[in-house]
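Residue numbers (the working numbering): 27 to 337.
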């Protein structure tokens, strides 16, 4: 704006100087023409001499007007030169300001590009931060799920270990020497009771034989006694008792053998489960409690106690 106003002022001043110079020249030439016309008129009229004073005055006026016009022309030229210098200065200032404006515009463009780059970088970092937050949240969720899984595995392992310990305890209680001694004592007492009943039955049979022999003689004594005995209630009771005791003994032996076999199978299954759980926990980095080894040693105790029973 300063360059434009300076250049317009300089142009206006130059135009005014040129107009003043042209006006002064026109006035002086007009006066000279007037003088020449007056001289011609006087020559024609024959009255030139009386008008010399008038001509001198007119010449003086013309000279003064010319001098004044020259002074005005000089002043106008001075003003014009001053304005021309000012115009040149303003033109230089305009060029300099244009260069500064160009530099400022270039700087502004660079700053805008830099701001755009910063904004894009900020947006990219914000996106990366959001992605990192989402990944961290997903990893935390996976870690929590893995912790819950390990906790559940540990609880299952502890539950199965407690079950295994209970079964080992039952097996150990079943195969204790005191329990075996009680079982053997019960069998011995039942055996003695059966022997007593057998002796009692034999005594009754002998009594029956003697009675029969005394009634029917010696020949048919044995056949009659045998037939009567076989048809007697005592024989049936004895046979029934023997059958019941035999069945009880067979059932007891079968139940004991079946129970022992089931316990051995359960022990094997539990050992396999324990080994599998131990391997899974070792893969997960969880150390197996030291109770497993003691329970294995405890399980070896009942195995040693089974040996005399199986014999």
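Positions of the beta carbon are idealized from the N, C-alpha and C atoms, including for glycine.
Could you say which of the options lies nearest to residue i if we only look at CA atoms?
i: residue 302; options: 180, 83, 82, 215; result: 180
i: residue 213; options: 146, 271, 226, 101; result: 271
i: residue 197; options: 136, 288, 230; result: 288
i: residue 286; options: 199, 231, 207; result: 199
i: residue 307; options: 147, 92, 182; result: 182
i: residue 91; options: 56, 154, 115; result: 56
i: residue 88; options: 110, 62, 100; result: 62
i: residue 82; options: 125, 64, 98, 273; result: 64
i: residue 282; options: 149, 86, 209, 110; result: 209
i: residue 216; options: 230, 274, 161, 166; result: 274
i: residue 189; options: 304, 296, 147; result: 296
i: residue 184; options: 117, 152, 304; result: 304
Does the distance from the CB of residue i to the CB of residue j come in under 8 Å?
i: residue 223; j: residue 267; result: yes
i: residue 178; j: residue 299; result: no
Can you tell me which of the three DSSP states residue i falls into?
i: residue 245; result: Interpretation of residue 245 is limited by its pLDDT of 48, a score under 50 that renders its predicted location unreliable; the figure taken from the coordinates is listed afterwards. Of the three classes helix, strand and coil, the one that applies to residue 245 here is coil, per DSSP.
i: residue 85; result: helix
Discussion item. Contact between the region 290 to 305 and the region 179 to 197 is defined here as three or more beta-carbon pairs at a separation below 8 Å; is this criterion met?
Written reply: Yes, since at least three Cβ pairs between the region 290 to 305 and the region 179 to 197 fall closer than 8 Å, the two stretches touch.
Fill in: Contained alpha helix (DSSP H) runs [length at least 4] in the region 155 to 238, N- to C-terminal order
Entirely contained in the region 155 to 238, not one alpha helix (DSSP H) run reaches 4 residues.
Discussion item. Which runs of the alpha helix (DSSP H) at least 4 residues long sit entirely within the region 127 to 156? Give them in chain order.
Written reply: Runs found: none.
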